[in-house]
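Participant: Here it is, the structure in full.
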Amino acid sequence: MSWAAPPPPGVQTAPYGYPPTMNTAYTAVPVRQGFSQAYQAQPQYTYSSPANTSQSSTPSMASPADHQQPQQQKFDWPDSVRSYVQRSFQSSNLDPSVDRAEMEAKLKETIRYTQDHGTIYTTDWDNMPLPQTIIRNERQQALMQSMTLPAVTAAAAAAAASAVNPKKRKSSDLSGPDATNGVTVPWRAARGLSLEDRVSKPSMDGPLPAKSKFQKNAEKRQRRGDGGYQSSYRSPSPPPPTGPIVGLNQSLEKRYLRLTAAPKPADVRPEYILHQTLDLLKKKWRKDGNYNYICDQFKSLRQDLTVQRIRNDFTVSVYEIHARIALEKGDLGEYNQCQTQLRALYKAGLKGNSIEFKAYRILYFIHTANRTALNDAIADLTTAEKEERPIKHALNVRSALALGNYHKFFQLYLDVPNMGAYLMDMFVKRERLAALANMCKAFKSELKLRFITEELAFESDAEAAQFIIDYNGQDLLQEREDHIAFLTGKAGLLFETARAQAFRRVDLKGQI
26 MSWAAPPPPG
36 VQTAPYGYPP
46 TMNTAYTAVP
56 VRQGFSQAYQ
66 AQPQYTYSSP
76 ANTSQSSTPS
86 MASPADHQQP
96 QQQKFDWPDS
106 VRSYVQRSFQ
116 SSNLDPSVDR
126 AEMEAKLKET
136 IRYTQDHGTI
146 YTTDWDNMPL
156 PQTIIRNERQ
166 QALMQSMTLP
176 AVTAAAAAAA
186 ASAVNPKKRK
196 SSDLSGPDAT
206 NGVTVPWRAA
216 RGLSLEDRVS
226 KPSMDGPLPA
236 KSKFQKNAEK
246 RQRRGDGGYQ
256 SSYRSPSPPP
266 PTGPIVGLNQ
276 SLEKRYLRLT
286 AAPKPADVRP
296 EYILHQTLDL
306 LKKKWRKDGN
316 YNYICDQFKS
326 LRQDLTVQRI
336 RNDFTVSVYE
346 IHARIALEKG
356 DLGEYNQCQT
366 QLRALYKAGL
376 KGNSIEFKAY
386 RILYFIHTAN
396 RTALNDAIAD
406 LTTAEKEERP
416 IKHALNVRSA
426 LALGNYHKFF
436 QLYLDVPNMG
446 AYLMDMFVKR
456 ERLAALANMC
466 KAFKSELKLR
476 FITEELAFES
486 DAEAAQFIID
496 YNGQDLLQER
506 EDHIAFLTGK
516 AGLLFETARA
526 QAFRRVDLKG
536 QI
C-alpha cells in the first residue's frame with residue numbers, strides 16, 4: 026500500500042511498466058511571426074520500437090520560450106515607395122474598372138515581391154507602373170489568351186476528329202490514286218511514326234506564320250492603350266530647323282494663307298523684296314483704296330517677317346502702317362493684333378512712333394471699357410510721356426469721362442491729334458446718349474436744338490435732330506417761332522434706356 030498523495034483530478038499517471046518519457050505523435054512547429062521570415066523545418070522525432078526503448082535516445086520537448094521569436098521591428102520604407110503608394114491612390118490615377126480592394130492587393134504583392142528579393146531599394150519606383158495599370162494589362166492579356174485558345178482548341182479538335190472518324194473525309198480522300206501513285210497521305214503516313222515524331226515543332230529557319238486579323242486588331246488596341254511594360258513604337262519625325270529660314274521668293278504680291286506646316290524658303294520673300302512690297306502697297310492704297318486686298322497683302326507681309334524672325338525698324342513700320350489703315354476702315358480686330366505686336370517691339374528697344382500708339386491704346390481701352398487694361402497702360406507711362414500731346418489728350422479724355430464732364434469731353438473730341446478721332450468716333454455715340462440723359466434731368470422742360478448741337482459736337486442742327494429721331498424721339502421736337510425746341514421733360518426715360526443699351530460690354534475679335 027502506497028502512502029503517496031493521489032494525483033489531482035483530471036491528471037492521469039503513467040501506467041506501470043512504461044518509461045515516464047515517451048515520444049510524442051506530433052512535431053512542434055514555432056509560430057511564424059512575419060512573412061519576411063523564412064520557415065525553418067524542425068528535425069523529426071526518430072521512431073523507436075518498444076523493444077529498444079531503453080537504448081533509444083528520446084529528444085526532449087522544446088519549451089515555448091525557446092521557440093518564441095523576437096517581435097518584428099517596424100520597417101523603414103524608402104521615400105520612393107511612399108511616393109509610389111501616394112500616386113497609386115491619387116484621384117487622377119484611379120481607374121473605375123479596378124476596385125480598391127483589388128488595387129491594394131496588387132500593391133501589396135508588388136512591394137512584398139521586391140522586399141523578399143532584396144530589390145526594394147534598387148527598384149525604379151518612379152517609372153514602375155501603377156497597380157491599376159498592371160491589373161489592366163493582366164486582364165487584357167488574359168482576354169487575348171482566352172480568345173485565341175478556343176480557336177486553337179477547335180482546330181485541334183477538328184483535326185483529331187478527322188483522323189479518328191473516317192466518315193468525315195471528303196470523297197476525294199477516299200479515292201485510290203494516292204496509293205497507286207506512291208504518294209502517302211498524311212493520316213496514313215502518321216500511323217507508322219512514333220508519338221515524338223508526330224508532334225509538330227516550329228521551324229526557326231522558315232518564315233513566321235501570318236498573324237490572324239483578330240491578333241492584329243488586339244495588338245493595335247494594346248498599342249493604343251497604356252502598353253504596360255512595353256513601349257509603343259512611334260515613327261521618327263524629322264528634327265526641327267535650328268535657325269530662321271531665309272526666303273527665296275521674288276514675287277512682290279502674295280496671298281495670305283495660314284501655315285499648316287513648316288514654311289518653305291521658296292514660298293517666303295526675303296527682306297529686300299518685302300521693302301519693295303511695302304512701297305507698292307502704299308501706292309495702291311492711295312490710288313485704289315481696296316481695303317480687302319491691302320489687308321490680305323499686309324497679313325502676308327507680316328507672316329514673311331515672322332517666319333524669318335525679322336525684328337527691326339522695318340518691322341515696326343509695317344505694323345504701324347497696317348494699324349493706321351485698319352483704324353481708318355474701322356477694323357478693330359486687325360488694329361489690335363498690330364497694336365499687340367507693336368507693344369512688344371517697343372519694349373525690345375526698336376524705334377517707332379511709340380507715343381502715338383500708346384495714346385491710341387488708351388483710347389482703345391476706353392472704347393472697350395476695359396478698366397484693368399486701361400490702368401495697366403497708364404501705369405506703364407513715364408512722367409515725360411505723360412507730357413506728350415497725344416498721351417496728354419488721351420488722359421484728359423479718360424478724366425472727363427470719369428468725372429462725367431461731357432462738356433469737356435466734346436471739346437476734346439473736336440481737337441484730336443493724329444488718328445485718334447477714328448477711335449473716338451467708335452464711342453462718341455454712347456457718350457452723346459449719356460449726355461442727353463443727363464440734360465433731360467438737369468434742364469426742364471425744354472432746350473433749344475441749337476444748344477444741343479453745339480454742346481454735343483454735332484456738325485449741324487439737322488444732324489442733331491436726326492440723332493434724336495433715330496431713337497424714336499421725333500415727337501419730342503417742336504418748332505417755335507425762332508428755333509426748334511427739344512422737350513427734355515418727356516425724354517428722360519427714352520434716353521435713359523438707350524444709354525443702358527449702349528454701355529453694354531464691348532467684345533471684339535482680337536481683343537487683348
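Mapping the sequence shown onto the working numbering, position 3 (from 1) lands on 28, and the numbers just tick up by one.
Heads up, the beta-carbon is just placed ideally off N, CA and C, and yes, glycines get one too.
None of the values given here were measured: they were computed from a predicted structure.
(1) Return the first residue and the last residue of the beta strand (DSSP E) that Glu-504 is part of.
(2) If you draw a straight line from the alpha carbon of Arg-505 to that of Phe-511, how long is it in whole angstroms?
(3) Over what stretch of residues does the beta strand (DSSP E) that includes Ala-510 continue unbroken?
(4) I want to know whether the segment 108-121 touches the segment 139-147 - three or more CB-CB distances under 8 Å.
(5) Compare the Cα-Cα distances from Gln-322 to each of Ala-287, Arg-368, Glu-359, Arg-334 and report the closest residue.
(6) With a threshold of 6 Å on Cβ separation, who are the neighbours of Ile-387 within its own chain once the five nearest residues in sequence on each side are excluded?
(7) What's the C-alpha gap between Val-110 and Trp-150?
(8) Taking the CB atoms as reference points, tell me whether Glu-456 and Tyr-496 lie closer together than 8 Å.
(9) May I ask you to verify whether the segment 439-447 touches the segment 486-501, counting CB pairs closer than 8 Å and requiring at least 3?
(10) Report back the beta-carbon spacing between Val-341 and Lys-376 to the nearest angstrom; my notes put them in contact at under 8 Å.
(11) Which value, in whole angstroms, describes the spacing of the CA atoms of Ala-525 and Glu-484?
(12) Just to confirm, are Thr-513 and Phe-468 a CB contact at a threshold of 8 Å?
(13) Look at the alpha carbon of Met-449 and the alpha carbon of His-392, and state the distance between them as a whole number of angstroms.
(14) Just the Cα atoms here: how many angstroms apart are Lys-515 and Ala-487?
(15) So the alpha helix (DSSP H) Gln-526 belongs to, where does it begin and stop?
(16) Apply the 10 Å Cβ neighbour rule to Ser-237 and answer buried if 16 or more other Cβ atoms are within range, or exposed otherwise.
(17) In three-state DSSP terms, what is Gln-94?
(18) For Asp-405, count neighbouring C-beta atoms within 10 Å of its own C-beta (all shown protein chains included) and say buried if the count is 16 or more, exposed if not.
(19) With the cut-off set at 8 Å, would you say Val-271 and Pro-295 are in Cβ contact?
(20) Please report how far the alpha carbon of Asn-337 lies from the alpha carbon of Arg-327, in whole angstroms.
(21) By the 10 Å Cβ neighbour count, where 16 or more other Cβ atoms means buried, how is Gln-157 classified, buried or exposed?
(22) Looking only at its own chain, which residues have a Cβ that is under 7 Å from the Cβ of Ser-379, when we skip the five neighbours before and after it?
(23) Is it the case that the Cβ atoms of Lys-10 and Ala-425 are separated by a distance below 8 Å?
(24) Give the secondary structure of Lys-308 by DSSP, where H, G and I count as helix, E and B as strand, and everything else as coil.
(25) Tell me the DSSP bridge mates of Lys-417?
Facilitator: The relevant details are as follows:
(1) Mapped onto the sequence shown, residue 504 falls at position 479. It spans 502-504 - the beta strand (DSSP E) in which Glu-504 sits, taken as one unbroken run.
(2) Position 480 of the sequence shown, counted from the first residue, corresponds to residue 505. Position 486 of the sequence shown, counted from the first residue, corresponds to residue 511. The alpha-carbon atoms of Arg-505 and Phe-511 are separated by roughly 10 Å.
(3) Mapped onto the sequence shown, residue 510 falls at position 485. From DSSP, the beta strand (DSSP E) with Ala-510 extends over 509-511.
(4) no
(5) Looking up residue 322 in the sequence shown gives position 297. It is Glu-359.
(6) Here residue 387 is taken as the residue at index 362 of the sequence shown, counted from 1. Same-chain partners within the cutoff: Ala-402, Ala-419.
(7) The residue given as residue 110 occupies position 85 in the sequence shown. The residue given as residue 150 occupies position 125 in the sequence shown. The alpha-carbon atoms of Val-110 and Trp-150 are separated by roughly 10 Å.
(8) Position 431 of the sequence shown, counted from the first residue, corresponds to residue 456. Position 471 of the sequence shown, counted from the first residue, corresponds to residue 496. No.
(9) no
(10) Position 316 of the sequence shown, counting from 1, holds the residue named residue 341. Position 351 of the sequence shown, counting from 1, holds the residue named residue 376. About 7 Å; that satisfies the 8 Å criterion.
(11) As a working note, residue 525 is residue 500 in the sequence shown. As a working note, residue 484 is residue 459 in the sequence shown. Their Cα atoms are separated by approximately 25 Å.
(12) Along the sequence shown, one-based indexing puts residue 513 at 488. Along the sequence shown, one-based indexing puts residue 468 at 443. Result yes, Cβ atoms of Thr-513 and Phe-468 sit closer than 8 Å.
(13) As a working mapping, residue 449 is identified with position 424 in the sequence shown. As a working mapping, residue 392 is identified with position 367 in the sequence shown. Between Met-449 and His-392, the C-alpha separation is close to 8 Å.
(14) As a first step, residue 515 must be located in the sequence shown, where it is residue number 490. As a first step, residue 487 must be located in the sequence shown, where it is residue number 462. So the alpha carbons of these two residues sit roughly 21 Å apart.
(15) Start at 1 with the first residue of the sequence shown, and residue 526 comes out as number 501. First-last of the alpha helix (DSSP H) with Gln-526: 517-527.
(16) Along the sequence shown, one-based indexing puts residue 237 at 212. The residue is exposed, with fewer than 16 neighbouring Cβ atoms inside 10 Å.
(17) Your numbering for residue 94 matches position 69 in the sequence shown. Note that Gln-94 has pLDDT 46, beneath the 50 cutoff, so the model's placement of it is unreliable and no number is given.
(18) For this step, residue 405 is matched to residue 380 along the sequence shown. By the neighbour-count rule (16 or more Cβ atoms within 10 Å), Asp-405 is not buried but exposed.
(19) The residue given as residue 271 occupies position 246 in the sequence shown. The residue given as residue 295 occupies position 270 in the sequence shown. Cβ atoms of Val-271 and Pro-295: closer than 8 Å.
(20) By 1-based counting over the sequence shown, the position of residue 337 is 312. By 1-based counting over the sequence shown, the position of residue 327 is 302. If you take the alpha carbons of Asn-337 and Arg-327, they lie about 13 Å apart.
(21) Taking the sequence shown and counting its residues from 1, the one referred to as residue 157 is at position 132. Its Cβ being crowded by 16 or more others within 10 Å, Gln-157 is buried.
(22) Walking along the sequence shown from the start, residue 379 turns up at place 354. So the list reads Tyr-371, once near-sequence residues are dropped.
(23) With the chain covering 26 to 537 only, the question about residue 10 has no answer from this structure.
(24) The residue labelled residue 308 in the question sits at position 283 within the sequence shown. Residue state, collapsed to three classes: helix.
(25) The count along the sequence shown starts at 1 and reaches residue 417 at position 392. DSSP lists no partner for Lys-417.
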